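Please read the structure below before turning to the comments.
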Amino acid sequence: MIETFILIERILVGAIFLTGFGSVIFDSNLVKKIIGLSLLNSAVVILFVLEGSRIGENTPILEPGIENVVDPLPQALVLTAIVIGVCVTAFALALARHLYISTGTFDIDRIRSQVHDEN
Amino acid sequence: MAKAWAIFGSVSSLTIAAVLVGAILLDPSDWPAQIRDFTERQGVADTGAINLVSSIYLGYRAYDTLGETIVLLLGVLGTLGLVHVGEQFTGGAVRKSLRTDFLNVASGKLGPIVLVFGFYVMFFGHVSPGGGFQGGVVFASGLVFLAMGSRDAVYSPLVRSSFLHRLEGLAFLLLLLAAIIGVFTNVGLFGNLARQLGLPPAYFIVLLNILIGLKVGSSLGLLCLILLEKAR
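Note that the protein sequences, when read in sequence, are chains A and B. Going by our numbering, the first residue of the first sequence is number 1, and it counts up by one from there. Going by our numbering, the first residue of the second sequence is number 1001, and it counts up by one from there.
Structure follows, in structure tokens:
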């Protein structure tokens, strides 16, 4: 069975993920949606590192005398995921800036009604 | 009516996401320890890096790192293209600066210190927490410091967009060369060249860290400068 400490940490990570997801769905401001995307990315990164930390105690830097390190593989995998998250956030912000310049607002409902009126 | 459907759709997608996330998080299976045991035994001897995370993403799985630098390159190019298309609509963007003299002076003077710290994180990525990507991000923030500290006529030559473009292209080219030379000298793609030349294998890891750090730093620095509208 899972120990309670890891269970509590996992539930917190799930809360961060659902907060980001809810922000992408429910917020009407584009910038808040992009912040939600960044929260989603961070939650997945923390989950990977958390799961890798279950089997050891020390950081995976083998200075003399260190043994029983945590799993270094999830940390190496999420390094790529962090960089890709930065790229996605930058591209989303450029798109939001372009929408603001074209329509004058960040609010998704007003943008949708403006696009419907133009069509 | 449309609003009720929208709210129903939003709440149901949130509950489905919560159920899926809960199913992942309440998994009681054990985490396998084979990779940790293998890298703890063999990591330093195979790649020369004491930092086991560096030995994975620069030694055993360096090919994934190459793919990820390509993703960064494409992301920056896409964002630059989008920003330039946006500027065609307005003929130059709105310029609102909230800068004070204290901000200029302090960030301009702190810029070189942050660059030195970025280089330290890049160079020592194989013996301490850090590496190419982390050092590159600190390098990019140092470039943003330098750009924020510049006045309208005086720009540090490091934050010119032509210089950053060339640095990014040169670092990426050298990274590809470092990967491909291994194919011609019988070590394999991304094989450790330093062992061929008789040097300790950590030299290759340090070289890869520096190249990745310069590429990531110049890419992200250029991206931040263009979004801040301070690129010259």
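Here a beta-carbon is modelled for each residue, glycine too, at the ideal position from N, C-alpha and C. All of these numbers come straight from a predicted model, not from anything done at the bench.
Between A/V13 and A/F106, the gap from beta carbon to beta carbon reaches 8 Å or more. Taking 8 Å as the cut-off, the Cβ atoms of A/T80 and A/V70 do not count as close.
Pairing A/L47 with B/A1018 gives a Cβ-Cβ distance that is not under 8 Å. Of all residues in the region 22-38 of chain A, only G22, I25, F26 place a beta-carbon less than 7 Å from a beta-carbon of chain B. Under DSSP, A/D107 takes part in a beta bridge, and its partners are A/N29. B/M1001 counts as exposed, since fewer than 16 other C-beta atoms from the protein chains shown sit within 10 angstroms of its C-beta. Distances from the alpha-carbon of B/V1127 to those of B/L1072, B/V1044, B/G1111, B/V1137 put B/V1044 closest. Beta-bridge analysis with DSSP links A/V69 to A/N58. Note on B/Y1060: 16 or more other CB atoms within 10 angstroms of its CB, so buried under the neighbour-count rule. Sequence-distant Cβ neighbours of B/S1219 in its own chain, meaning closer than 6 Å and more than five residues away, are L1072, V1076, E1168.
Any Cβ of chain A closer than 8 Å to the Cβ of B/S1013 would place that residue at the interface, and such an atom is present. If one requires a minimum length of 3 residues, no beta strand (DSSP E) run lies completely within the region 1122-1157 of chain B. Here DSSP, grouped into helix, strand and coil, assigns A/N41 to helix. With contacts defined as CB atoms closer than 8 Å, B/L1146 and B/V1138 fail to qualify as a contacting pair. Spatial neighbours of B/A1194 in its own chain (CB-CB distance under 6 Å, excluding positions within 5 residues in sequence) are listed in chain order as P1201, Y1203, F1204. The Cβ of A/I61 sits closer than 8 Å to at least one Cβ of chain B. Near chain A, meaning a CB-to-CB distance below 8 Å, no residue of the region 1188-1206 of chain B qualifies.
The straight-line gap separating the alpha-carbon atoms of A/E3 and B/K1109 is approximately 50 Å. Residues of the region 1096-1127 of chain B with a C-beta atom less than 8 Å from some C-beta of chain A are V1127, listed in chain order. Secondary structure note for B/F1172: its alpha helix (DSSP H) is the uninterrupted segment 1161-1184. Close partners of A/Q75 in chain B (Cβ separation under 7 Å): V1053.
Under the Cβ distance rule, A/T19 does not count among the residues neighbouring chain B, no pair being separated by less than 8 Å. B/T1015 and B/I1024 have their C-alpha atoms spaced approximately 14 Å apart.
Nearest neighbour of A/I84 by Cα position, chosen from B/L1082, B/V1083, B/G1067, B/L1080, turns out to be B/G1067.
Taking every protein chain shown into account, the CB of A/S23 has 16 or more other CB atoms within 10 angstroms, so this residue is buried. A/I82 and A/V45 have their C-alpha atoms some 7 Å from each other. Exclusion of the five residues before and after B/F1117 leaves V1138, G1142 as the residues of its chain whose Cβ lies within less than 8 Å of its Cβ.
Contacts between A/D71 and chain B, judged by CB atoms closer than 8 Å, involve W1031, A1033, I1035, R1036 in chain order. DSSP, reduced to helix, strand and coil, places A/N119 outside both helices and strands of the structure shown, so it counts as coil.
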